[in-house]
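S.K.: Line order of the protein sequences matches chains A and B.
Reading the first sequence from the start, the letters are residues 1 to 469 in UniProt numbering.
Reading the second sequence from the start, the letters are residues 1 to 469 in UniProt numbering.
Backbone N, C-alpha and C define an ideal beta-carbon position, used for all residues, glycine too.
The model shown is predicted, which means the values in this text are computed figures rather than measured ones.
One structure, pasted below without further comment.
Protein chains: 2
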Amino acid sequence: MNAPVHISEDFLTSIRSIVGEQRVKTDHDSLMTWGKDHTKHFDPNPSVVVFPATTEEVAELVKLANQYHIAITPSGGRTGLSAGAVAANGEMVISLDRMNKVLNFYPADRMVHIQAGMITEQLQNYAEEQGFYYPVDFASSGSSQLGGNIGTNAGGIKVIKYGMTRNWILGLTVVTGKGDILHLNKGMIKNATGYALQHLFIGGEGTLGIVTEAEIKLERQPHDLQVLVLGVPDFDAIMPILHAFQSKIDLTAFEFFGELAMQKVLDNGHVQRPFETACPFYVLLEFEAPYEPIMDKAMEIFEHCMEQGWVLDGVMSQNLEQLHNLWRLREDISESIAPFIPYKNDISVLITHVPAFIKEIDDIVTANYPDFEICWFGHIGDGNLHLNILKPADLNKDEFFAKCQVVNKYVFETVKKYNGSISAEHGVGMTKKPYLGYSRSAEEIEYMKALKKVFDPNDVMNPGKLFDL
Amino acid sequence: MNAPVHISEDFLTSIRSIVGEQRVKTDHDSLMTWGKDHTKHFDPNPSVVVFPATTEEVAELVKLANQYHIAITPSGGRTGLSAGAVAANGEMVISLDRMNKVLNFYPADRMVHIQAGMITEQLQNYAEEQGFYYPVDFASSGSSQLGGNIGTNAGGIKVIKYGMTRNWILGLTVVTGKGDILHLNKGMIKNATGYALQHLFIGGEGTLGIVTEAEIKLERQPHDLQVLVLGVPDFDAIMPILHAFQSKIDLTAFEFFGELAMQKVLDNGHVQRPFETACPFYVLLEFEAPYEPIMDKAMEIFEHCMEQGWVLDGVMSQNLEQLHNLWRLREDISESIAPFIPYKNDISVLITHVPAFIKEIDDIVTANYPDFEICWFGHIGDGNLHLNILKPADLNKDEFFAKCQVVNKYVFETVKKYNGSISAEHGVGMTKKPYLGYSRSAEEIEYMKALKKVFDPNDVMNPGKLFDL
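Shown next as structure tokens:
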């Protein structure tokens with residue numbers, strides 16, 4: 001397949017001279033593969049896919065894009081859920097796939113310097129080999145790349161203890177939209193020398209520049225993790241359980257999911273129901289228990305929750321295999337519902353507001369989606385709900401998304417009423433772009449646009465994502 | 001005293017109409033008091049001091065300053081050590097002293113919403129009353145204000161476990177240099193909706209706008225804290241002690257100080273030497289020990305360190321009073337040396353580089369300050385050194401600072417060589433402004449200046465701090 005018309009041969013020759021002949025792809029399959037992420041809302045349509053190997057090559061490419069007025073879509077593991085990495089308008093995709101190496105390791109600092117194309121799981125494994133731990137984890141860790149995690153400030157299943165990706169970034173190397181290479185914060189814990197520019201690139205969705213390297217803090221390995229899965233009668237019981245445990249034990253996770261989510265995971269046949277009783281909802285909680293008194297406390301709290309009627313049944317992991325299987329009940333949800341082309345909501349509010357908020361959202365979806373399956377799950381210990389609407393098999397995809405977008409309005413109005421976020425951890429990309437105003441004020445959006453102009457005056461970096469200029 | 005000529009009566013009338021007659025001060029004493037921070041390098045010379053009570057009043061004042069082209073110096077607890085809050089050029093000082101209230105408390109979120117003029121210790125006490133803990137702590141907690149802590153991203157003595165002020169900020173209300181009120185992040189743990197603007201104001205030293213309110217995360221209270229003070233023969237022993245403890249115990253602090261610092265604290269007469277042996281250096285470390293095996297581990301590591309010759313003597317707190325007294329050996333240093341008008345260095349490097357770095361710095365100061373007392377201390381577990389040069393009694397202040405500035409060049413060249421920070425936690429202000437280029441690249445500084453223009457196009461916010469436009 002020839003390169004689309006608006007990419008000139010001259011431009012292609014120039015990018016080939018930067019990265020080498022073999023590292024520039026314009027065949028249809030490559031364009032379709034690297035032109036999209038995990039969303040299915042938009043059709044990929046990039047012009048060319050380029051695979052640089054160094055920060056300097058990325059900077060050359062960005063300068064060239066400015067010169068030729070070509071838009072760039074940075075591409076990582078393509079696991080994004082908001083179409084932040086979909087190239088739908090003839091963009092040059094810059095894939096970080098080849099930039100996946102560890103550049104340096106600083107044991108005394110508990111820090112590793114990596115290239116941004118490294119896959120999350122590779123980093124987790126590398127950390128473990130060094131006797132440390134990288135705690136940001138989620139279902140797509142096996143293919144998501146660190147650069148993408150940084151671009152969306154990815155969260156996941158351990159945020160309640162370890163925080164978001166942002167917390168683990170001690171330094172970033174970025175190529176700005178102007179093609180400047182910046183080495184930001186250089187791995188320091190303490191550095192009060194002016195504006196913390198790295199924090200704009202974290203969560204910036206590749207609209208200000210491309211993250212090419214990162215200094216990442218590691219943590220000590222967790223000791224003697226224990227997982228509890230509890231069956232819960234209704235929404236109202238979830239928060240009291242959180243508070244009962246959290247007031248006495250440092251939790252490393254507090255997740256929830258509904259029976260429908262459980263059902264979809266069980267249907268896949270990899271894991272079994274944790275206990276006989278089918279319950280409306282489930283809570284999964286995890287903590288370290290290196291000392292006996294912690295287990296005693298956990299049992300005491302569990303019994304208290306049973307007595308209060310907050311818990312109908314429960315199970316505790318007895319060994320590492322059981323722990324992994326209990327985690328799969330939660331971790332496999334996204335993959336298990338993917339075939340149903342879910343419309344994904346990723347909303348958050350203060351934990352204080354969760355009980356009232358969840359009721360209102362439930363009323364909205366029950367009233368508006370009487371015939372759709374509603375799959376509830378999320379990182380409820382952080383106030384983060386994943387509300388997935390499943391497409392009925394007999395409904396056309398476009399009709400389905402159109403219907404969801406009508407209901408979105410009610411959902412996001414409720415988010416706004418509670419001062420919440422329309423995207424807790426997936427980012428805005430293209431799918432949430434029309435709704436940004438529900439979470440950010442008009443003034444904030446104007447400042448964001450002005451900041452983009454500072455780093456990317458020609459709007460070459462991932463245009464059309466986050467907001468339209 | 002009349003208002004200085006360049007502040008018009010018209011302007012004064014307008015600010016009085018915003019905050020009330022009693023909240024505008026132009027008398028000499030007030031100007032001298034609120035026109036300075038804890039530094040002694042620059043003479044205060046503000047035109048007027050204003051005490052607003054609300055975010056809205058602050059926004060009115062900022063708009064007025066834009067209209068009249070009057071520069072603003074935001075003022076908190078005035079404990080700054082880099083002259084970031086000194087009004088030396090006829091500025092309007094906006095003091096947050098009256099904005100010191102708790103606005104809301106969210107126990108389920110472990111979060112408190114405060115006004116930025118709240119004093120750090122008041123927040124610590126408030127948290128404790130609610131059964132929680134605010135972990136950012138330092139010697140000046142009794143008078144520093146949260147707004148100032150945020151403006152410099154203050155660190156202190158618990159960073160090794162709890163991180164900098166930045167880690168505890170879940171939301172900020174700011175008035176930008178244009179006079180816009182922004183409610184940033186609104187307390188959420190997870191919120192991936194575009195650029196994290198709050199992180200520019202954290203550490204922004206009041207040059208982009210004024211922080212007026214903050215949502216601050218609280219932590220559970222620490223359990224059964226233990227403090228060890230160890231006598232150490234030389235610099236080389238410090239890092240092995242850190243690694244020996246850190247690999248087996250979660251430390252909440254790891255501080256160091258030299259015998260001279262100890263001596264100055266003892267001279268004040270409030271506390272006693274922790275053990276007979278006078279040692280060249282001391283390490284103070286702290287950890288939670290709610291379970292017996294942790295104490296056993298600590299004793300084992302202590303004995304190992306003695307055997308290795310890293311530790312000459314040591315003492316462990318036996319009760320809360322002893323714990324506080326051991327902490328005072330470290331915490332009283334700043335106050336004890338203040339009468340000697342110290343020239344304060346606040347530098348940091350990667351922990352990996354500390355041993356080599358500290359040797360080079362020692363060589364520089366020994367060679368260049370043969371007659372000055374050099375007071376070593378710092379948060380060495382974070383790679384942060386406080387190197388204080390004490391003014392000899394018979395030397396003129398200006399001569400002393402001039403001499404220090406000559407040596408600074410060598411110190412900061414070494415910082416740059418190790419990719420370190422010329423200001424780890426005090427900020428840049430005016431005292432470190434000439435040296436910013438040792439830690440930030442020319443491109444970074446250009447981007448910072450461009451960002452300032454976005455939020456503060458008329459340069460009314462704390463001009464002359466951080467950099468000159």
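Look up Leu385 of chain B in the DSSP assignment and give the residues it is bridged to.
M.R.: Start at 1 with the first residue of the second sequence, and residue 385 of chain B comes out as number 385. According to DSSP, Leu385 of chain B bridges with B:Ile347, B:Gly378.
S.K.: So Leu184 of chain B is in the beta strand (DSSP E); what residue range does that whole segment cover?
M.R.: Within the second sequence, the letter at position 184 stands for residue 184 of chain B. Counting along the chain, the beta strand (DSSP E) containing Leu184 of chain B begins and ends at 181-184.
S.K.: Check the Cβ-Cβ distances between Leu451 of chain A and every residue of chain B, and say whether any is below 8 Å.
M.R.: Counting from one through the first sequence, the residue named residue 451 of chain A turns up at place 451. Interface residue, yes.
S.K.: At a Cβ cut of 8 Å, what residues of the region 378-394 of chain B count as close to chain A, listed as they run along the chain?
M.R.: Flagged, chain order: His379, Asp382, Gly383, Asn384.
S.K.: Taking only the alpha-carbon atoms, compute the straight-line gap between Pro233 of chain A and Phe257 of chain A and give it to the nearest angstrom.
M.R.: Taking the first sequence and counting its residues from 1, the one referred to as residue 233 of chain A is at position 233. Taking the first sequence and counting its residues from 1, the one referred to as residue 257 of chain A is at position 257. The straight-line gap from Cα to Cα measures roughly 12 Å.
S.K.: Hey, out of A:His38, A:Val50, A:Val19, whose CA is closest to Leu31 of chain A's CA?
M.R.: Taking the first residue of the first sequence as position 1, residue 31 of chain A is located at position 31. When each option's Cα is compared against that of Leu31 of chain A, the closest is A:Val50.
S.K.: I'd like to know if Thr193 of chain A contacts chain B, where contact means its C-beta is closer than 8 Å to some C-beta of that chain.
M.R.: On the first sequence, position 193 is the one that residue 193 of chain A refers to. Answer yes: the Cβ-Cβ gap between Thr193 of chain A and chain B drops below 8 Å somewhere.
S.K.: Measuring only the C-alpha atoms, how far is Ser439 of chain B from Ile358 of chain B?
M.R.: Position 439 of the second sequence, counted from the first residue, corresponds to residue 439 of chain B. Position 358 of the second sequence, counted from the first residue, corresponds to residue 358 of chain B. Distance between the alpha carbons of Ser439 of chain B and Ile358 of chain B is about 18 Å.
S.K.: For Tyr133 of chain A, which beta-bridge partners are listed by DSSP?
M.R.: On the first sequence, residue 133 of chain A is found 133 positions in, with the first residue counted as 1. The partner list for Tyr133 of chain A (beta bridge, DSSP) reads A:Glu219.
S.K.: When Cβ atoms are compared, which residues of the region 430-447 of chain A fall closer than 8 Å to chain B?
M.R.: Lys432, Leu436, Ser439, Arg440, Ser441, Glu443, Glu444, Ile445, Tyr447
S.K.: Between the Cα of Val349 of chain A and those of B:Gln145, B:Asn185, B:Met118, spot the shortest distance and give me the residue it belongs to.
M.R.: Locating residue 349 of chain A in the first sequence gives position 349, counting from the first residue. Taking only the C-alpha atoms, the option nearest Val349 of chain A is B:Asn185.
S.K.: So with CB distances below 7 Å, who are the chain A contacts of Asp180 of chain B?
M.R.: Taking the first residue of the second sequence as 1, we reach residue 180 of chain B at position 180. By Cβ distance, chain A contributes Glu443.
S.K.: Here's the rule I'm using: 16 or more other beta-carbon atoms within 10 Å means buried, otherwise exposed. How should Ser95 of chain A be labelled?
M.R.: Working through the first sequence from its first residue, we reach residue 95 of chain A at position 95. Buried: at least 16 other Cβ atoms inside 10 Å.
S.K.: In angstroms, rounded to a whole number, what distance separates the CA positions of Val175 of chain A and Leu61 of chain A?
M.R.: For this step, residue 175 of chain A is matched to residue 175 along the first sequence. For this step, residue 61 of chain A is matched to residue 61 along the first sequence. Their Cα atoms are separated by approximately 10 Å.
S.K.: Using 8 Å as the threshold, is the C-beta distance between Lys190 of chain B and Glu425 of chain A below it?
M.R.: For this step, residue 190 of chain B is matched to residue 190 along the second sequence. For this step, residue 425 of chain A is matched to residue 425 along the first sequence. In contact: Lys190 of chain B and Glu425 of chain A (Cβ atoms closer than 8 Å).
S.K.: Closest by CA to Ala127 of chain A, which one among A:Arg330, A:Gly429, A:Arg220, A:Ile333?
M.R.: To locate residue 127 of chain A, count along the first sequence from 1; it is residue 127. Ala127 of chain A has its Cα closest to that of A:Arg220, out of A:Arg330, A:Gly429, A:Arg220, A:Ile333.
S.K.: Could you pull out every residue in the same chain whose Cβ sits closer than 6 Å to the Cβ of Pro463 of chain B, ignoring the five residues on either side in sequence?
M.R.: Sequence index remark: in the second sequence, residue 463 of chain B carries index 463 (1-based). Ala71, listed in sequence order.
S.K.: Just to confirm before moving on: does the CB-CB distance between Ala83 of chain B and Phe42 of chain B stay below 8 Å?
M.R.: Numbered from its first residue, the second sequence carries residue 83 of chain B at position 83. Numbered from its first residue, the second sequence carries residue 42 of chain B at position 42. Contact flag set, yes.
S.K.: Which residues, in order along the region 404-427 of chain B, keep a beta-carbon less than 8 Å from a beta-carbon of chain A?
M.R.: Asn419, Gly420, Ser421, Ile422, Ser423, Ala424, Glu425, His426, Gly427
S.K.: Could you compute how far the alpha carbon of Phe467 of chain A sits from the alpha carbon of Leu436 of chain A?
M.R.: Residue mapping note: residue 467 of chain A aligns to position 467 of the first sequence, counting from 1. Residue mapping note: residue 436 of chain A aligns to position 436 of the first sequence, counting from 1. If you take the alpha carbons of Phe467 of chain A and Leu436 of chain A, they lie about 8 Å apart.
S.K.: Please return the same chain residues whose Cβ sits closer than 7 Å to the Cβ of Trp310 of chain B, not counting the five positions on each side in sequence.
M.R.: Here residue 310 of chain B refers to the residue found at position 310 when the second sequence is read from its first residue. Leaving aside the five residues that flank Trp310 of chain B on each side, the residues in its chain whose CB is nearer than 7 Å to its CB run, in chain order, Val232, Ala237, Pro240, Ile241.
S.K.: Would you give the residue range spanned by the beta strand (DSSP E) that Val229 of chain A belongs to?
M.R.: Residue mapping note: residue 229 of chain A aligns to position 229 of the first sequence, counting from 1. Note, Val229 of chain A: beta strand (DSSP E), 225-232.
S.K.: In chain order, what residues of the same chain lie with their CB nearer than 7 Å to the CB of Tyr133 of chain A, ignoring the 5 residues before and after it?
M.R.: As a position in the first sequence, residue 133 of chain A is number 133, starting the count at 1. So the qualifying residues of the chain are Ala127, Leu218, Glu219, Arg220, Gln221, Pro222.
S.K.: Would Leu469 of chain A be called buried (16 or more neighbouring beta carbons within 10 Å of its own) or exposed?
M.R.: Here residue 469 of chain A is taken as the residue at index 469 of the first sequence, counted from 1. Result: exposed.
S.K.: Could you pull the start and end residues of the beta strand (DSSP E) that Met111 of chain A belongs to?
M.R.: Numbered from its first residue, the first sequence carries residue 111 of chain A at position 111. Looking at the DSSP string, the run of the beta strand (DSSP E) that includes Met111 of chain A is 111-115.
S.K.: Using 8 Å as the limit for Cβ to Cβ distance, is Thr152 of chain A near chain B?
M.R.: For the purposes of this step, residue 152 of chain A is taken as residue 152 along the first sequence, with counting starting at 1. It does: the Cβ of Thr152 of chain A has a partner Cβ on chain B nearer than 8 Å.
S.K.: Alpha carbon to alpha carbon, how far is Val24 of chain B from Val112 of chain B?
M.R.: Counted from its first residue, the second sequence places residue 24 of chain B at position 24. Counted from its first residue, the second sequence places residue 112 of chain B at position 112. Between Val24 of chain B and Val112 of chain B, the C-alpha separation is close to 30 Å.
S.K.: Grouping DSSP H, G and I as helix and E and B as strand, with all else coil, what is Leu96 of chain B?
M.R.: In the second sequence, counting from the first residue as 1, residue 96 of chain B sits at position 96. Three-state result, Leu96 of chain B: coil.
S.K.: Provide the residue(s) that pair with Ala253 of chain A in DSSP beta bridges, ordered along the chain.
M.R.: Indexing the first sequence from 1 puts residue 253 of chain A at position 253. A:Glu286.
S.K.: What number of angstroms, rounded off, separates the C-alpha of residue 526 of chain B from the C-alpha of Gly151 of chain B?
M.R.: The structure shown does not extend to residue 526 of chain B, since chain B spans only 1 to 469, so no value can be given for it.
S.K.: Extract the residue ranges of the alpha helix (DSSP H) inside the region 309-364 of chain B, only unbroken runs of 4 or more that lie entirely within it.
M.R.: 320-331, 333-337
S.K.: Measuring straight from C-alpha to C-alpha, what distance separates Tyr106 of chain A and Asn384 of chain B?
M.R.: Taking the first residue of the first sequence as 1, we reach residue 106 of chain A at position 106. Taking the first residue of the second sequence as 1, we reach residue 384 of chain B at position 384. Looking at the two C-alpha atoms, the distance is approximately 17 Å.
S.K.: Are the C-beta atoms of Met1 of chain B and some chain A residue less than 8 Å apart?
M.R.: Walking along the second sequence from the start, residue 1 of chain B turns up at place 1. The predicted model places Met1 of chain B with a pLDDT of 37, which falls under 50 and marks its position as unreliable; any figure quoted below should be read in that light. No, Met1 of chain B does not count as interfacial toward chain A.
S.K.: Please state if the CB of Gly90 of chain B and the CB of Asp37 of chain B are separated by a distance shorter than 8 Å.
M.R.: Here residue 37 of chain B corresponds to residue number 37 of the second sequence, with the count starting at 1. Here residue 90 of chain B corresponds to residue number 90 of the second sequence, with the count starting at 1. Their beta carbons are not under 8 Å apart, which means Asp37 of chain B does not touch Gly90 of chain B by this criterion.
S.K.: Could you compute how far the alpha carbon of Thr55 of chain A sits from the alpha carbon of Val211 of chain A?
M.R.: Locating residue 55 of chain A in the first sequence gives position 55, where the first residue counts as 1. Locating residue 211 of chain A in the first sequence gives position 211, where the first residue counts as 1. Between Thr55 of chain A and Val211 of chain A, the C-alpha separation is close to 9 Å.
S.K.: Mind checking His270 of chain A: buried by the 16 CB within 10 Å criterion, or exposed?
M.R.: One-based indexing of the first sequence puts residue 270 of chain A at position 270. Exposed, by the Cβ-count rule.
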